[in-house]
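Here is the structure we will look at.
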Amino acid sequence: MKVYNSSIEKGGVDRVPQWSIEETQNFLVIRAELDPTFMETKRNKLLWEIVSARMNEIGFDRSPIQCKCKWKNLVTRYKGCETILEVEMRQWAFPFYNEMQIIFNARTERMTWRDAEGRGGGGGSAGGAASSSQKSTPAAEQFPSNDEDANERERKKKRKEKEAAITGGGRSPLVDGLKGIMEEFMNQQMEMEMQWIKAYEEREERRREREVQWRQRMEAMENERLMMLRWWREREEQRKMREEARAERRDALVAALLNKINRGENM
């Protein structure tokens, strides 16, 4: 069995690496392909291992538990956007809203096709009412994720029934409070992203400044090297000129001595 380096499975305190946009998009493509199989089985541990293996094949090291947690987080954000935000604001608040909507719409179409095939065209009034009720129900609420256990779904169902009984079908203060919490959460997410972008830009600016300073130092060192080379060449030329002058004076002195010697002999 493969051992993953995630802190979730080791129980360590290291922070799990954040999912990039490209990684999340690839994950949603794989999850969408396997979604029919997820809907047909309740024990999906093997399916999450398949998702993890396919993520590793394309270069993303993610364990089955990380993939499962990421899917739950995406489903929660998708349902929150459908609950509290206008249609035109959903994609802006949740970048993967369209991808999630495609997955849930595909679920709706599959379930509708199966219902129609099961009825065989002979559905009664009760079946028609159920079908219309299913069509009017949002995809994210009609087909909850198989990743949530039965107890969690039952608690949510009882909570919704209790809220409906208290409010009589009207607007609940709990819904208003939930909407405020979700809006605050979205604002915090946006603020964190802006802070991250600002920190990234500051790091890039400092890196560019260090690069400019390094280039300036390299240019200064090159200029200094050229000046030293020019100075050395000038010194060499001067030394050669002095040696040539000394050689000329030595030759002249030797010639004068030879001439003097020759005159002395002739006398």
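For the record, in the sequence shown the residue sitting at position 63 is 62 according to numbering that gives the first Met the number 0, with numbers rising by one throughout. Ideal Cβ placement from N, Cα and C applies to all residues, glycine included. As the structure is a prediction and not an experimental result, all values here were calculated from the model.
(request) State the DSSP-derived secondary structure class of K41, mapped to helix, strand or coil. (result) DSSP places K41 in coil when its eight states are reduced to three.
(request) Return the chain-ordered list of same chain residues with a C-beta closer than 7 Å to the C-beta of G79, the five sequence neighbours on each side being excluded. (result) Non-local beta-carbon contacts of G79 in its own chain, meaning distances under 7 Å to residues more than five positions away in sequence, involve M181 in chain order.
(request) Tell me whether the beta-carbon of I57 lies closer than 8 Å to the beta-carbon of L33. (result) No, they are not a contact pair.
(message) Given this structure, state the Cα-to-Cα distance separating Q280 from E208, to the nearest angstrom.
(response) The question about residue 280 has no answer here: the residues shown for the chain are numbered 0 through 266.
(request) Compare the beta carbon distance of W91 and K67 with 8 Å and say whether it is the shorter of the two. (result) The Cβ atoms of W91 and K67 lie no closer than 8 Å to each other.
(request) Pair every Cβ in the region 63–77 with every Cβ in the region 106–114, then say whether three or more of these pairs are closer than 8 Å. (result) With fewer than three CB-CB distances shorter than 8 Å, the region 63–77 does not count as touching the region 106–114.
(request) State buried or exposed for F184, treating a residue as buried only when at least 16 other CB atoms are found within 10 Å of its CB. (result) Exposed, since its Cβ has fewer than 16 Cβ neighbours within 10 Å.
(request) Tell me whether W70 is buried or exposed, calling it buried when 16 or more other Cβ atoms sit within 10 Å of its Cβ. (result) Taking a 10 Å sphere around the C-beta of W70, we find 16 or more other C-beta atoms and assign the residue as buried.
(message) On the criterion of 16 or more Cβ atoms from any shown chain inside 10 Å, does N72 qualify as buried, or is it exposed?
(response) If you draw a 10 Å sphere on the C-beta of N72, you find fewer than 16 other C-beta atoms in it, and that means exposed.
(message) Suppose the cutoff is 6 Å on Cβ atoms and the five residues either side in sequence are ignored; what does the same chain contact list for E243 look like?
(response) The beta carbon of E243 sits closer than 6 Å to no other beta carbon from its chain once the five residues preceding and following it are set aside.
(message) Considering Cα atoms alone, identify which of M217, R113, S19, E98 is closest to M38.
(response) If we check each option's Cα against that of M38, R113 comes out closest.
(request) Could you name the residues of the same chain whose beta carbon sits closer than 6 Å to that of T136, not counting the 5 residues immediately before and after it, in chain order? (result) With a pLDDT of only 43 at T136, under 50, the local geometry of the prediction cannot be trusted, and the value read off the model is given with reservation. Counting only Cβ-Cβ distances below 6 Å, and skipping sequence neighbours, we find nothing.
(request) Compute the Euclidean distance between the alpha carbons of W213 and E203, then round it to the nearest angstrom. (result) C-alpha separation (whole angstroms): 15 Å.
(request) Give the straight-line distance between the Cα atoms of L45 and A198, rounded to the nearest whole angstrom. (result) Whole-angstrom Cα-Cα distance: 40 Å.
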